[in-house]
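Enquirer: If you count the sequence shown from 1, position 156 lands on 156 in the UniProt record's numbering, and the numbers rise without skipping.
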Amino acid sequence: MTEPHPPHSATDARISLQHALGRSLALVALLAVTLSLTVVLVTGFLLFKQYARHNLELVAEQASYSLEVPVVFNDAVAAREAMAPIVADESIDEITIIKTNGDVMTRWERPGRLKNSLLARMVFPDPMVAPIGPADKPVAHVRVVGGAQGLDRLLTGTILGALGCLVVTFIGTGLIGARLRRTIIEPIQSIAEVAQTVRSDRTFERRAPSATITEVDDLSRGFNSLLDELQDWHQQLDRAHEALLHRASHDTLSGLPNRAAFVDAVGVAIRAAQRNGEKFAMLFLDGDGFKQINDRYGHVAGDRVIAAIAQRITHVLRFGDTAARMGGDEFAILILHLEQVEDASAVADRITKVMLEPIDIGSGLHVTISLSIGQAIYPDHGDDVETLIRSADEHMYQDKHSKIRTGPVAGEESATASLSGDQP
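1. Excluding the five sequence neighbours on either side, which residues of its own chain have a C-beta within less than 6 Å of the C-beta of P138, listed in chain order?
2. With a CB to CB cut of under 8 Å and the five nearest residues on each side skipped, what residues in its chain are close to V104?
3. For V194, count neighbouring C-beta atoms within 10 Å of its own C-beta (all shown protein chains included) and say buried if the count is 16 or more, exposed if not.
4. Which residue spans inside the segment 336-407 form an unbroken alpha helix (DSSP H) run of at least 4?
5. Who does W233 pair with in a DSSP beta bridge?
6. In whole angstroms, what separates the C-alpha of R179 from that of L166?
7. Quick one: Cα of T214 to Cα of A208, how far?
8. Count the CB pairs spanning the segment 327-345 and the segment 279-293 that are closer than 8 Å, and state whether there are at least three.
9. Quick one: what's P131 bridged to in DSSP?
10. May I have the straight-line CA-CA distance separating E57 from M83, to the nearest angstrom?
11. Hey, would you say L285 sits closer than 9 Å to I306, going by beta carbons?
12. Which runs of the beta strand (DSSP E) spanning at least 3 residues fall entirely within the segment 226-299, listed in chain order?
13. Once the 5 residues before and after N116 are set aside, which same chain residues still bring their CB inside 8 Å of it?
14. Only counting the same chain, and skipping five residues up and downstream in sequence, which positions put a Cβ closer than 7 Å to that of V216?
15. Mind checking who A332 pairs with in its DSSP beta bridge?
16. Judging by CA-CA distance, which residue of T158, S16, D399 is the nearest neighbour of L35?
17. How far does the beta strand (DSSP E) with I184 in it extend, from its first residue to its last?
18. Could you tell me the boundaries of the beta strand (DSSP E) in which residue 425 lies?
As structure tokens, then:
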């Protein structure tokens with residue numbers, strides 16, 4: 001036997017498919033943006049560093065050429081004026097003219113410069129120095145220190161671009177997640193919902209909807225095929241159950257309800273009559289001379305007689321009345337919504353008349369059998385099942401004993417049936 005699944009604990013670490021897909025998409029998007037940002041930053045930094053170093057060399061050479069005359073004449077003011085076009089370049093933080101003896105002739109620093117800036121040190125670990133004058137015998141040197149203003153803008157632009165990409169990526173991830181939810185998660189949730197409904201409500205006619213994703217649609221089709229088989233199996237069980245109930249509550253030979261079913265029907269009728277203040281009648285019927293028919297013609301003939309009696313009394317009943325075989329050649333009839341006692345007597349008279357016609361028992365033989373009939377009226381003769389059955393049975397035997405037999409026994413000629421019992 002399959003072990004039942006244990007209940008899920010409060011600390012169950014399971015997560016939903018929607019949550020798992022959403023988290024995975026978010027992680028993938030974050031990883032993609034992070035990698036892209038890293039690649040852009042590293043590549044941009046290397047390219048910027050190479051460009052800045054080359055630019056700083058050109059600036060140093062230009063400064064060496066432009067400052068040669070002021071330096072030769074030791075004119076610091078003219079030197080600073082010559083620096084003006086050079087320092088207009090924002091990538092320059094400092095220019096210093098150093099004489100051959102180590103004295104500083106003049107120096108220019110960019111206002112607001114962050115000395116020893118980390119970015120500047122990363123791009124320009126060492127200042128660029130160029131000789132002023134002949135290379136073999138310079139009169140001074142110019143030292144140029146680069147700035148990181150351009151790199152700041154690069155980093156700022158990269159970060160802003162990365163943030164923009166991150167926003168766009170997460171919007172795209174949300175759209176992709178919505179599509180995945182619509183095409184994968186919702187169909188699977190529908191299958192789970194149908195499975196839960198079928199399990200709890202036994203509604204085997206429910207079916208899972210189709211899906212646009214092939215694998216999910218295959219799952220849905222397979223699940224529906226399983227439901228088809230379960231529905232067929234359940235219907236077969238229902239039919240088998242109904243057949244068992246019918247066999248348990250009906251007599252096989254006559255096709256009528258048996259004694260247990262009739263007793264239940266009387267109980268229901270009593271409760272309904274008590275609620276509505278109504279009357280109903282019970283008739284008990286017993287064959288006259290049925291044993292002689294069995295003894296003379298055999299049990300097959302007797303079975304035919306039983307079946308014919310059941311068929312004939314059923315045909316004369318009103319809609320809603322019930323006939324049952326109590327056992328042997330005894331039958332009972334429940335007549336509901338009785339307006340007057342004469343209605344029960346009328347039913348008994350119709351039964352007596354239909355029994356006058358001979359019954360075919362096979363081999364070209366026919367017999368005629370009469371019925372002794374007794375009646376009991378609710379609540380005149382009793383207000384419970386046992387009392388009513390006993391009263392109807394007693395009246396039936398009174399009818400049987402009161403008959404005056406003037407002809408041969410039943411089975412050879414017709415016998416008549418009469419109704420006995422108290423007339424309230």
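Just so you know, even glycine gets a beta-carbon here, dropped at the ideal spot from N, CA and C.
Expert: In brief:
1. On the sequence shown, position 138 is the one that residue 138 refers to. Hits under 6 Å: P131, I132.
2. As a first step, residue 104 must be located in the sequence shown, where it is residue number 104. Non-local beta-carbon contacts of V104 in its own chain, meaning distances under 8 Å to residues more than five positions away in sequence, involve T96, I97, I98 in chain order.
3. Translated into the one-based positions of the sequence shown, residue 194 becomes position 194. Under this definition V194 is a buried residue.
4. The alpha helix (DSSP H) runs of length 4 or more contained entirely in the segment 336-407 are, from start to end of the chain, 341-354, 385-402.
5. Position 233 of the sequence shown, counted from the first residue, corresponds to residue 233. Note: W233 sits in no beta bridge, so no partner.
6. On the sequence shown, residue 179 is found 179 positions in, with the first residue counted as 1. On the sequence shown, residue 166 is found 166 positions in, with the first residue counted as 1. Between R179 and L166, the C-alpha separation is close to 20 Å.
7. What you label residue 214 is simply residue 214 of the sequence shown in a count that begins at 1. What you label residue 208 is simply residue 208 of the sequence shown in a count that begins at 1. When rounded, the separation of the alpha-carbon atoms in T214 and A208 is 14 Å.
8. yes
9. For this step, residue 131 is matched to residue 131 along the sequence shown. Looking at the DSSP assignment, P131 forms a beta bridge with H141.
10. In the sequence shown, counting from the first residue as 1, residue 57 sits at position 57. In the sequence shown, counting from the first residue as 1, residue 83 sits at position 83. Near 16 Å, if we compare the C-alpha coordinates of M83 and E57.
11. One-based indexing of the sequence shown puts residue 285 at position 285. One-based indexing of the sequence shown puts residue 306 at position 306. Contact flag unset, no.
12. 279-287
13. The residue given as residue 116 occupies position 116 in the sequence shown. Confidence at N116 is low in this model, with a pLDDT of 48, below 50, so the placement of that residue is unreliable and no value is reported for it.
14. Numbered from 1 along the sequence shown, position 216 holds the residue referred to as residue 216. If we look at V216 and ignore the five residues flanking it on each side, its Cβ neighbours are I184, P187, I188.
15. Counted from its first residue, the sequence shown places residue 332 at position 332. Bridge partners of A332: F284, A324.
16. One-based indexing of the sequence shown puts residue 35 at position 35. Ranking the options by Cα distance to L35, first place goes to T158.
17. Residue mapping note: residue 184 aligns to position 184 of the sequence shown, counting from 1. Segment: none, I184 is in no beta strand (DSSP E) and carries neither H nor E.
18. Residue 425 is absent from the model: the chain starts at 1 and stops at 424.
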